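A.B. asks:
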Amino acid sequence: MAGPEFFADTTIIMYQKLLLAMFLGALIGTERAIVARQTAGTRTFGLVAMGACLFVLAGNFIDSHYLGVVNFNPSQVAAAVVTGIGFLGAGLIIFRGDTLHGVTTAAGLWMVAGIGIAVGFGMYEVAIFATLLSLVLFTGMWYIEHKVKNWVAPRVEQTADSL
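So in my numbering, the last spot in the sequence shown is 412, and the numbers never skip.
1) Pull up the DSSP beta-bridge partners for F344, would you.
2) Round the Cβ separation of T380 and L268 to the nearest angstrom and send it over; I've been treating them as touching at under 8 Å.
3) Taking the alpha-carbon positions, what's the V330 to N322 distance?
4) Could you check the C-alpha separation between M250 and V297 for me, to the nearest Å?
5) Taking the C-alpha atoms as reference points, what is the distance between A356 and P403?
6) Taking the alpha carbon of A339 as the point to measure from, which residue in W359, M372 and M271 has its own alpha carbon closest?
7) With distance defined between alpha-carbon atoms, name the residue in M390, T288 and G389 nearest to H350.
8) Just to confirm the assignment: which complete beta strand (DSSP E) runs, minimum length 3, are found wholly within the region 348-393?
9) For I343, which residues in the same chain have their Cβ closer than 7 Å to its Cβ, ignoring the five residues on either side in sequence?
10) With a CB to CB cut of under 7 Å and the five nearest residues on each side skipped, what residues in its chain are close to I367?
11) State yes or no: is the C-beta of A270 within less than 8 Å of the C-beta of C302?
12) Within this structure, are the beta carbons of V305 and G369 separated by less than 8 Å?
13) Output needed for T293: all residues of its chain with C-beta closer than 8 Å, excluding positions within five of it in sequence on either side, in chain order.
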């Protein structure tokens, strides 16, 4: 049986995982709040990543603490997080006339859930790299999209006028 030192060390590691997941999710959420001016921002994204991490940590704890007593697979927890975040993301997607709003924010929430799961399973480098890629995709591609739209829009209007 493991002594109290083992559980103290394990608890500190869990705290660190939660902090990292929260920070990485909040980092992406900050981009969504400031650059994209979305309502789901720093707090929402931080909470989703931290919540996903917490579910994985709880699943891992139960799996290791009750090994041989109950039949449990931590990957089932990750699958449940993905399903649950799908419902949350669906609530963010709004139709207004012929346009669709909130899809990128919903995808971002789905991504930070994955980042939280990765942190929960101890995949720190992968979680950090995924955070960086997400920020590049959100911010960098937003800039490129707007440049292309500004370049294409006048040409489309000019073509429509000449018809």
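Beta carbons are placed, not taken as given, at the ideal position from N, Cα and C, and that holds for glycine.
All values reported here derive from a predicted model rather than from experimental measurement.
C.D. replies: So, from the listed chains and residues:
1) Looking up residue 344 in the sequence shown gives position 95. Bridge partners of F344: L349.
2) Here residue 380 is taken as the residue at index 131 of the sequence shown, counted from 1. Here residue 268 is taken as the residue at index 19 of the sequence shown, counted from 1. Incorrect: roughly 14 Å between the Cβ atoms, too far for contact.
3) Sequence index remark: in the sequence shown, residue 330 carries index 81 (1-based). Sequence index remark: in the sequence shown, residue 322 carries index 73 (1-based). Approximately 14 Å between the Cα atoms of the pair.
4) Against the sequence shown, residue 250 aligns to sequence position 1. Against the sequence shown, residue 297 aligns to sequence position 48. A caution first: M250 carries a pLDDT of 49, below 50, which makes its placement in the model too unreliable to give a value.
5) Taking the sequence shown and counting its residues from 1, the one referred to as residue 356 is at position 107. Taking the sequence shown and counting its residues from 1, the one referred to as residue 403 is at position 154. Cα-Cα distance, rounded: 30 Å.
6) By one-based count along the sequence shown, residue 339 stands at place 90. Checking every option, the nearest Cα to that of A339 belongs to W359.
7) One-based indexing of the sequence shown puts residue 350 at position 101. Measuring from the Cα of H350, the nearest candidate turns out to be T288.
8) 348-350
9) In the sequence shown, residue 343 corresponds to position 94, counting from 1. These residues qualify, in order along the chain: H350 and G351.
10) As a working mapping, residue 367 is identified with position 118 in the sequence shown. Checking the displayed sequence, the identity of residue 367 turns out to be Ala instead of Ile. If we look at A367 and ignore the five residues flanking it on each side, its Cβ neighbours are V375, A376 and A379.
11) Residue mapping note: residue 270 aligns to position 21 of the sequence shown, counting from 1. Residue mapping note: residue 302 aligns to position 53 of the sequence shown, counting from 1. Cβ atoms of A270 and C302: closer than 8 Å.
12) Translated into the one-based positions of the sequence shown, residue 305 becomes position 56. Translated into the one-based positions of the sequence shown, residue 369 becomes position 120. Yes; because the gap between Cβ atoms is below 8 Å, this pair is in contact.
13) On the sequence shown, residue 293 is found 44 positions in, with the first residue counted as 1. So the qualifying residues of the chain are G278 and L358.
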